[in-house]
Each structure stands twice: as structure tokens, then as C-alpha cells.
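Notes follow the structure.
This is how it looks when you write it as C-alpha cells:
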């Protein structure tokens, strides 16, 4: 049983050695260990704060990116709307210009047709007059083939000249 119950002298000696070990550790080892632990705790805390700040910065950047993206979409929509309006106005101008050109072409064609019609009528009149003169000349030659008829016609013309 002696093995189970420690000797009082040994117990006191071990207690004194333990207390000296605690004082020695408290003086030389615990302060550096505690300061290291405190330093590590501060490092972890600052890292957590930095991570939190980075998270906030990322959220702000995401919000800015979304805002810029929305602005870019709005600008794109405005540019597309403006381009469509410009295209429509160009189309309308082209239609109007085409209408004007078509109307002018029709007027020119009508004027050309009218001029050609007048020229054709004048030519027909000229040809009719020439034919009439030819026919009249042939008729008069036939009628005035004798000398008495010619003298009577000359006398008639002379009377008409004197009266005028």
C-alpha cells in the first residue's frame, strides 16, 4: 500500500517544485505566450474586419456595376430608339422625295405628250394644207384650161383687189 499513498516529504517537494515551475513559467513563458495569443487574436480580428470591409467593398462594386450596366442598357435603348427614329425619318423623306420625283416625271411626261401632240397636229395641218393646195391647184388647172375661164378669173381677182 505504500505504493499508493505518497510520502509527505515527496508531496511537499513536488508541490514546491510545481509552484516554482508556475512562477518561472508565469514570469518567463506565459507573458510571451499570452502576448503572442493576444497578437494572434488581434491579427485574426483585423483579418475579419478586413474581410468584412472587402465584402462591403465588393457589394458596393457590385451595386456600382449593376448601376453602370443599367445605365449602359438605358443608353443603348436610347441610341436604338434614336436610330429607329432617324431611320424612319429618312424613310419618310425618301418616300416624299420619291413622290415628288414621280409627280415631276408625270408632269414632264404629260408636257412632252402635249408638245408632241401639238407638233403632230401642226404637221397634220401642214400636210392637210399642202394636200389642199395640191388638190386646189389641180382642180384650178383643170377648170382654167381654157383661155376664157382664165381671163374671167383674173378679172374677178382684179375687182377684189380694187375693192380692198
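Numbering (the numbering used here), first residue to last: 87 to 250. Backbone N, C-alpha and C fix where the C-beta goes; we use that ideal spot for every residue, glycine too.
In this chain, the alpha helix (DSSP H) harbouring residue 103 covers 94 to 110. In this structure, the straight-line span from the alpha carbon of residue 189 to that of residue 205 is close to 24 Å. Taken through DSSP and simplified to helix, strand or coil, residue 232 comes out as coil. The three-state secondary structure of residue 176, taken from DSSP, is helix. Around residue 146, the same chain offers no residue with a beta carbon nearer than 8 Å, after the five sequence neighbours per side are excluded. In its chain, beyond the 5 residues on either side, no residue has a beta carbon closer than 8 Å to the beta carbon of residue 173.
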